[in-house]
Each structure stands twice: as C-alpha cells, then as structure tokens.
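Let me begin by presenting the structure, written as structure tokens, before commenting on it.
Numbering (the working numbering), first residue to last: 106 to 543.
Next up, the structure:
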C-alpha cells in the first residue's frame with residue numbers, strides 16, 4: 106500500500122500570513138526608528154537652544170551691567186538697518202579690561218555694539234564688537250596703537266584716520282568713517298561715529314583702521330635723541346565676535362519714563378495683546394514699528410541717538426541746536442533664537458502672499474505644533490507675521506492695529522510679497538529687561 110506523497114511547498118495561506126507578518130514587523134521597526142530619530146532631534150534642538158540662551162543672555166546682561174548712565178556722559182544708540190526689523194544697539198560701558206587702559210585713560214570706557222549679520226544662504230549671526238570711547242581722536246588712535254601691541258608711544262598728532270568694514274568672507278563693504286585734523290565736531294567721539302555708520306552696513310564682521318600718526322616717547326623714559334619720536338603708519342583690525350548663530354531677530358524697545366510705562370494695561374477685548382511691540386500712539390516706546398529704512402529715514406524715524414552727531418550743549422551760544430532725545434529709563438532687548446543647528450525647525454509656504462498688510466491667511470507645511478497664543482509669530486523671508494489663529498494648516502492674521510495687535514510686518518519688519526515655496530522660520534522668543542540708571 107502506497108503512502109500519500111510528502112508536502113514540498115507552502116500553501117497560499119501560509120505565504121500570505123508570512124508576508125503580513127513581515128509587513129507588520131517592518132512597519133513597526135520603521136515607526137520605532139522614525140520616533141527615535143524625532144525624539145533625538147527634539148532633544149538635541151532643546152539642548153542646543155538652552156545652551157545658546159544661557160550664553161547669549163549672559164553676555165548681553167554683563168554688558169548692560171557696565172552701561173554708563175547719562176550723568177557719566179553715557180551714550181545710547183539704536184537703529185533699524187534691515188527689512189527684517191533687526192536693530193543695531195550701541196552704548197557706552199565702563200572699561201572691562203583694566204590691563205589695556207592707557208596712561209591718558211584710553212580704553213577706560215568702551216563702546217559695545219550688537220547687531221545681526223544676515224549673510225545670503227547662511228544662518229543669521231548675532232555679532233558684538235567693542236571699540237574705545239575716548240572723546241579726543243588722539244586718544245582713540247592711541248587705543249588702537251595699544252591694541253596692536255605697540256607700547257611706549259604717546260600720540261601727538263595725525264594726518265588721517267579711516268575705518269573700513271569687511272564681511273565674514275574678507276570682502277570690503279566700504280568705508281565706514283574717516284577724518285583728518287580739523288574742528289573737534291568732526292573728530293570727537295570717533296568710535297560713536299563708527300557705530301552710527303554700522304547701522305548702514307549690518308553685513309560688517311570686522312573693522313580695519315588705517316592712518317598715519319605722530320608720536321613721541323614718554324617723558325623720562327630715556328629714549329634719546331635718536332629715538333624720541335617720529336611718524337608711523339597705523340594698520341589695525343578690530344574683529345567682532347559671534348555671540349550665536351541662528352538669531353532670527355534682535356531688537357530694542359525703549360521706555361522714557363519707567364518700566365510700568367512699557368506695559369499696556371489689559372482691556373476687555375481679549376484679542377488686544379498688551380505688548381511693547383504694538384503701535385503706541387502715546388509714544389511710550391520709541392523706534393516705532395513703522396518707518397522707512399535707516400538710509401532714507403524721515404526725521405530719524407527709526408534711529409534713537411541720545412547724543413546726535415553735531416549736537417551742541419544748550420549752554421553754548423548757538424542759533425539753532427540739534428534736539429537731544431532723553432536718555433532711556435529702561436530697555437527691553439528681544440531675541441528670537443533657533444539653536445543655531447541643523448535641527449532648527451523650518452517650514453514651507455504653500456500659498457502666495459501679496460504685498461498687503463490687510464487681514465488674511467497663509468497655508469504652510471513642514472512644521473508641527475505651532476502655538477496660537479497671543480504674540481505668536483512666524484518669519485517668511487524677511488517679514489515677521491503675527492497670527493491670531495492656527496487651524497487646518499493655515500495661519501490667520503489680522504490687520505496690524507493697536508486694537509487687534511500686530512499682523513503682517515510685525516517687529517518693525519517690512520511687508521513684502523512672498524511666493525509659494527518660500528521658507529518659513531520659527532524660533533524661541535526671549536526678552537531681557539533692564540532699568541537704566543540716570
């Protein structure tokens with residue numbers, strides 16, 4: 106009796122079950138891998154962002170701790186040089202390097218300038234530069250000589266002095282300022298002249314000083330007749346430092362009375378957002394959210410200078426004095442930081458935006474979990490857009506007004522047209538508030 110033949114293959118049901126198990130296991134593994142990658146991405150972004158915030162706010166806070174008040178002949182300057190609303194802020198501070206102070210007090214006071222460099226195709230960088238704040242141009246030149254490592258020289262005169270800006274790639278951005286011997290109003294506070302000029306050239310990374318000066322040796326040092334002085338060429342580069350990369354926004358908001366004057370009282374309309382960045386008809390905050398570019402400013406609409414160039418003290422007998430704004434009583438510095446790494450969130454605009462400040466909406470993709478709390482904003486191109494509602498992949502924004510809060514063109518940025526596919530950026534917002542002594 107012959108037995109039944111043995112099985113030599115799988116049935117169709119067994120094959121289908123095996124394929125189904127393979128698909129399920131593969132899908133689970135892919136899902137776990139994607140989830141792990143997302144958790145790592147978020148953790149890395151959070152860690153980098155926290156480290157960045159501590160470093161940036163600590164450095165800026167330390168500078169503000171050394172700020173020279175108005176009673177000490179202090180100076181404060183703020184200007185809006187870019188379409189994105191970033192602000193260049195400069196002010197006088199007490200010297201932070203005692204070893205570099207000269208015999209006549211050179212480098213005993215410093216000018217600290219902070220601004221955002223926005224190179225094409227790269228992350229925006231928050232930069233900081235320090236210059237001497239001597240009133241006499243000879244003392245300013247002497248501070249540069251000391252910075253170059255040359256000692257034992259007293260500057261007695263000069264033929265010319267020029268400051269030229271260079272970007273991070275080493276390309277010249279043009280001359281910032283220059284002077285020759287002449288009236289003090291053209292040479293005094295030369296460092297402040299340069300800081301004002303930086304507001305027109307935010308792409309500057311380093312400043313090169315060139316000139317020719319006369320010098321002598323200090324009395325009693327035994328220089329001898331063959332080494333008692335002479336003429337020398339000056340060539341010094343003062344570099345700026347990068348506080349952080351990925352700074353989407355840096356701005357200054359000022360109060361002229363007190364800190365409570367910066368905070369708008371809440372109203373019955375919950376859509377109104379008591380925020381410094383609103384339009385303020387009472388002028389509680391300066392450097393208004395609207396205004397032309399600094400290069401073509403109207404009556405200095407976006408410049409605040411507590412000692413305008415050419416200003417003469419009121420005790421002088423002059424027919425027409427340049428007005429001097431009051432020294433701020435408090436300052437708020439706002440930052441929008443991304444963490445500076447490749448994990449910073451980005452999105453894509455899915456609808457065209459017209460060059461209009463009217464209410465509307467925009468479609469986006471690529472970013473999840475956007476908040477809809479008051480004050481939420483996104484950056485499209487160089488424009489900041491404050492939105493009031495987030496639903497179904499759309500951001501809804503109102504017309505910019507004191508009643509409804511910011512809309513398009515928020516944070517002093519310029520309203521512009523944006524094509525579908527434009528990059529949409531977001532970051533963490535931080536503020537540093539400090540009362541300024543008078």
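Beta carbons are placed, not taken as given, at the ideal position from N, Cα and C, and that holds for glycine. Note that this is a predicted model, so its numbers are computed, not measured.
Residue closest to residue i, alpha-carbon to alpha-carbon, out of the options
i	options	result
residue 245	273, 192, 314	314
residue 408	457, 192, 117, 142	192
residue 271	280, 495, 181, 488	280
residue 497	127, 484, 466, 519	466
residue 494	505, 478, 198, 311	478
residue 298	196, 342, 352, 138	196
residue 264	536, 292, 170	292
residue 517	142, 130, 135, 186	186
residue 307	286, 269, 334, 335	269
residue 304	513, 321, 190	190
residue 183	438, 521, 277	438
residue 321	247, 232, 138, 221	247
residue 449	221, 143, 133	143
residue 483	515, 460, 462	515
residue 261	283, 357, 174, 323	323
residue 266	455, 282, 275	282
residue 440	133, 158, 128, 141	158
residue 526	470, 339, 357	470
residue 475	219, 274, 463, 530	530
residue 48	534, 173, 340, 289	One cannot answer for residue 48 here, as it falls past the ends of the chain, which runs 106 to 543.
residue 456	524, 127, 135	524
residue 255	532, 117, 341	341
residue 249	316, 443, 141, 124	316
residue 460	170, 156, 488	488
residue 167	188, 200, 179, 135	200
residue 222	464, 178, 352	352
residue 275	454, 344, 123, 536	344
residue 172	188, 194, 156	194
residue 286	318, 302, 133, 258	318
residue 338	346, 253, 116	253
residue 310	290, 346, 300, 178	346
residue 170	198, 131, 156	198
residue 257	136, 333, 128	333
residue 519	188, 532, 511	188
residue 464	163, 134, 431, 501	501
Bridge partners - residue i, DSSP secondary structure assignment
i	result
residue 344	311
residue 495	500
residue 319	262, 336
residue 470	453
residue 482	491
residue 270	279, 312
residue 458	523
residue 355	440
residue 199	214
residue 350	230
residue 465	502
residue 172	198
Whole-number beta carbon distance between residue j and residue i, since they are thought to touch under 8 Å
i	j	result
residue 238	residue 214	4 Å
residue 236	residue 216	5 Å
residue 433	residue 360	6 Å
residue 513	residue 505	6 Å
residue 436	residue 357	6 Å
residue 350	residue 503	Their Cβ separation, rounded to whole angstroms, is 33 Å, which puts residue 350 and residue 503 out of contact at 8 Å.
residue 412	residue 176	Between residue 176 and residue 412 the Cβ distance is about 13 Å, and since that is not below 8 Å, they are no contact.
residue 232	residue 348	7 Å
residue 174	residue 541	7 Å
residue 225	residue 355	Residue 225 to residue 355, Cβ: 19 Å. No contact.
residue 442	residue 485	Rounded, the Cβ-Cβ distance is 18 Å, inconsistent with contact.
residue 528	residue 468	Between residue 468 and residue 528 the Cβ distance is about 14 Å, and since that is not below 8 Å, they are no contact.
Endpoints, the alpha helix (DSSP H) within which residue i is located
i	result
residue 440	Here residue 440 belongs to no alpha helix (DSSP H); instead the beta strand (DSSP E) covers 435 to 442.
residue 115	Element bounds for residue 115: n/a, residue is neither H nor E.
residue 278	Taken as a continuous stretch (DSSP letters only), residue 278 belongs to no alpha helix (DSSP H), being part of the beta strand (DSSP E) at 277 to 284.
residue 176	No alpha helix (DSSP H) holds residue 176; DSSP gives it neither H nor E.
residue 544	The chain is shown from 106 up to 543; residue 544 falls before or after that span and cannot be answered.
residue 411	Careful: residue 411 lies outside any alpha helix (DSSP H) and carries neither H nor E.
residue 290	289 to 292
Extent of the continuous beta strand (DSSP E) run through residue i
i	result
residue 597	Past the edges of the chain, shown from 106 to 543, lies residue 597, and the structure says nothing about it.
residue 296	Per DSSP, residue 296 belongs to no beta strand (DSSP E); it is in the alpha helix (DSSP H), 295 to 303.
residue 528	528 to 530
residue 192	First-last for residue 192: undefined, no H or E at that position.
residue 539	533 to 540
residue 182	181 to 184
Within-7 Å CB hit, residue i to chain D
i	result
residue 486	Chain labels in this structure do not include chain D; a single protein chain is all it has.
Which runs of the alpha helix (DSSP H) at least 4 residues long sit entirely within the region 203 to 265? Give them in chain order. 242 to 252
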